[in-house]
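Working notes for the structure below.
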Ligand SMILES: [Zn+2]
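In this note's numbering, the protein residues as written are 2 to 308.
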């Protein structure tokens, strides 16, 4: 227990030490990433922005005012055009807590489930995030700001001379997962539905792994082979790299299902599911043992009991 408590007490990355950089992937299309993104298998939250003739669309507002200011500063280094749109890929605080720092004239876009969650659960969520990321990381000063436009399925945003699509492919990590697709540059921001390329694993914080598999499959099938994916916490990747989390989720599903059929307890299932071919991930113990196996176990056991 002590080891588990220690792991939970340690934040996955230090919000006070994130230095954001931008990389132009195509003319006017920028990925924003922590500067240690190529050195680690899990880093602070990524973001991005797309510049059109009439204005800018920004993806994510990040965890706190400092990170949101860094992001806005990177936009201002390349253009003076107004930030007309801001998209949150989920209601996780590291993707949306910086909303309050964007101009009032910026139109905020969220999935309806993200808007509802933020309106109803903000204080609770903020306490959770302070517990996860630590005190004094700027989270105390965050103010909730929710969508001007809710997107349940798909929205095309005309930035002048180019269009960007905001899409919901289904539940992946939260009910309100949105992705942003820049078709002319073939770049897709996916937020937390993919944390980072291999060896990173999905985090099934709300369970429902069968839906994650279906959604990730839809995303992979939607994309041309040479598309670039910006995952929530890692370096850019290709659609073929989605096979790795898909294979993990499939193996997890099969193994947990077999354990339940044998009548194994969760503890016995955890012992049986070492899955050493995936343990190169620096957050393996936490993501696999503490989050994913219990989530899959409870979900499958409940559905077996219910049928
Ligand atoms: Zn995140």
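No residue lacks a Cβ here, since even glycine has one placed at the ideal position from N, Cα and C. Quick caveat, the model's predicted, so the values are computed rather than measured.
- At a Cβ-Cβ threshold of 8 angstroms, residue 257 and residue 230 do not count as neighbours.
- The criterion of a C-beta distance shorter than 8 angstroms is satisfied by residue 63 and residue 72.
- A direct Cα-Cα distance of roughly 7 angstroms separates residue 123 from residue 145.
- A distance criterion of 7 angstroms places the beta-carbon of residue 112 beyond contact range of ligand 1, judged by its closest non-hydrogen atom.
- Residue 65 has its CB no nearer than 7 angstroms to any heavy atom of ligand 1.
- Distances from the CB of residue 99 to the heavy atoms of ligand 1 are all 7 angstroms or more.
- In the DSSP assignment, residue 144 falls outside any alpha helix (DSSP H) and carries neither an H nor an E.
- Using a 10 angstroms sphere on the CB of residue 299, the tally of other CB atoms stays under 16, which defines it as exposed.
- Secondary structure of residue 172 (DSSP, three-state): coil.
- Distance from the CA atom of residue 297 to the CA atom of residue 209, rounded to whole angstroms, is 7 angstroms.
- For residue 232, there is no enclosing alpha helix (DSSP H); the residue is found in the beta strand (DSSP E) stretching over 229-232.
- Going by C-alpha positions, residue 76 is about 17 angstroms away from residue 46.
- Contact between residue 247 and residue 218 holds, since their C-beta atoms are separated by about 7 angstroms, short of 8 angstroms.
- With a threshold of 16 other beta carbon atoms within 10 Å, residue 262 falls short and is exposed.
- Bridge pairing for residue 60: 49 and 88 [DSSP].
- For residue 50, the number of other beta carbons within 10 angstroms of its own is at least 16, and it is reported as buried.
- Between the region 172-185 and the region 132-142 there are fewer than three inter-stretch CB-CB distances shorter than 8 angstroms, so the stretches are not counted as touching.
- Between the alpha carbons of residue 260 and residue 99 lies a distance of about 42 angstroms.
- For residue 211, the three-state secondary structure derived from DSSP is helix.
- Secondary structure note for residue 31: its beta strand (DSSP E) is the uninterrupted segment 30-35.
- In this chain, the alpha helix (DSSP H) harbouring residue 73 covers 66-79.
- Check the Cα spacing between residue 227 and each of 186, 148 and 282: the tightest is with 186.
- In the structure shown, residue 194 adopts coil according to DSSP, grouped into three states.
- Counting only beta-carbon distances shorter than 6 angstroms to the non-hydrogen atoms of ligand 1, the qualifying residues in chain order are 46, 93, 95, 96, 193, 233 and 234.
- Following the DSSP letters along the chain, one finds residue 253 inside the alpha helix (DSSP H) bounded by residues 244-262.
- Between the alpha carbons of residue 173 and residue 216 lies a distance of about 6 angstroms.
- DSSP places residue 287 in the helix class (H, G or I) of the three-state scheme.
- Linking residue 79 to residue 121 through their CA atoms gives a straight-line distance of about 37 angstroms.
- Looking at the backbone, the Cα of residue 164 and that of residue 94 are separated by about 27 angstroms.
- At least 8 angstroms separates the beta-carbon of residue 170 from that of residue 88.
- Counting only residues of its own chain and dropping the five nearest sequence neighbours on each side, residue 23 has a CB closer than 6 angstroms to the CB of 31, 33 and 75.
- Within the same chain, 200 come within 7 angstroms of residue 281 by CB-CB distance, once the 5 residues on both sides are set aside.
- The residues 115, 118, 119, 175 and 177, in chain order, have a CB closer than 7 angstroms to that of residue 92 in the same chain once the five nearest residues on each side in sequence are set aside.
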